[in-house]
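Below you'll find the structure, written out as structure tokens, and then a few comments.
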Amino acid sequence: MDRSQLLLVGLPVFLFFSDIISLFTMSSPPPKPAPTSHHHHPPPKQHQQQQPLQFPTQKQRVLGEMNSVGYGSTININFCASCSYRGTAINMKNMLEHEFPGIEVILANYPPPLPKRLLSKVVPVVQFGVIGIIMAGEQIFPRLGFAAPPPWYYSLRANRFGSIASTWLFGNFIQSFLQSSGAFEVYCNGELVFSKLMEHRFPGEIELRDLVSKRLANTIVANGNGAYNL
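Residue numbers (mature numbering (1 follows the signal peptide of the UniProt record, and there is no 0)): -22 to -1, 1 to 208.
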């Protein structure tokens, strides 16, 4: 048998045996799952009941303010207005109002002593008098009974504008010094809590808060004892 006859005979035999092998080695398909009769229902939704918002009434707000530590108390901060202490006083006022709700903080100027106030009123008169003499001393001195102006007048007259500027600046400095008291006094319900005139320094915010807190606590204790005695 030549090659072509051998190929024609062997090919069908090879295909027959391959079909038989594949028939016995083929695995059966997996069984289909049986349908269940139970139906899955989604869980019922729970309705959340919205509770009405409760707003504090006017009476509750008033009671809350009365229970605060600073309610009914007054803080007086008397400071030197001409010393540029207003910014410090405003900062202390804001701090106390934040730390003690319901408290009343009053800012006021602390005037200097009476002699200094009177002298501060005289300084502008002297300023304008000196400037007037510099400008028209040759007509003023003869009216005052002087035959000739004094020598210092001619030295001021030689530098007229410099003398006027120096008189104005020096007078303003003296007047500011006489009007300043250098005070920063803090009173709680009429009682002195801190004095810059005695301590020669400004109070710290934490220090002033502690001093006012102690004073308010003493006031509450005193009022409670008085009410108990009644």
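By construction, the Cβ of each residue, glycine as well, lies at the ideal position given by its N, Cα and C atoms.
Pull the bridge partners of residue i from the DSSP assignment, please.
i    : result
A86  : N56
E163 : N56, S173
Please state the DSSP three-state secondary structure of residue i.
i    : result
S173 : strand
F78  : coil
L156 : helix
G123 : coil
S51  : coil
Y131 : helix
N137 : coil
G65  : helix
G115 : helix
V190 : helix
R95  : helix
F180 : coil
S6   : Confidence is the limiting factor: at S6 the pLDDT is only 49, short of 50, which leaves the residue's position unreliable, though a coordinate-based value still follows. Three-state DSSP puts S6 in coil, outside helix and strand.
Which same chain residues, not among the five before or five after residue i, have their C-beta less than 7 Å away from its C-beta?
i           : result
residue 251 : In the structure as shown, the chain starts at -22 and stops at 208, and residue 251 therefore has no counterpart that could be examined.
V40         : Legend: pLDDT at V40 = 40, less than 50; position of this residue unreliable, value from coordinates given subsequently. Nothing meets the Cβ criterion.
Should residue i and residue j be called a contact, given that it needs their Cβ atoms to be closer than 8 Å?
i    : j    : result
L194 : F78  : yes
L186 : M70  : yes
I111 : R138 : no
S62  : T197 : no
I81  : V164 : no
V171 : L74  : no
Sorted by chain position, which residues of the same chain lie with C-beta nearer than 8 Å to residue i's C-beta, five sequence neighbours on each side aside?
i    : result
N87  : N56, F57, C58, A59
E116 : P127
I68  : L85
Q153 : S98, V101, P102
R64  : F57, L85
T145 : Q105, V108, I109, I112
If residue i and residue j are in contact, beta carbons under 8 Å, what's the gap, nearest whole angstrom?
i    : j    : result
L134 : S141 : 4 Å
G149 : V100 : Between V100 and G149 the Cβ distance is about 10 Å, and since that is not below 8 Å, they are no contact.
P89  : S158 : So it is not a contact: roughly 10 Å between Cβ atoms.
Could you pull out every residue in the same chain whose Cβ sits closer than 6 Å to the Cβ of residue i, ignoring the five residues on either side in sequence?
i    : result
C166 : I53, V190, R193
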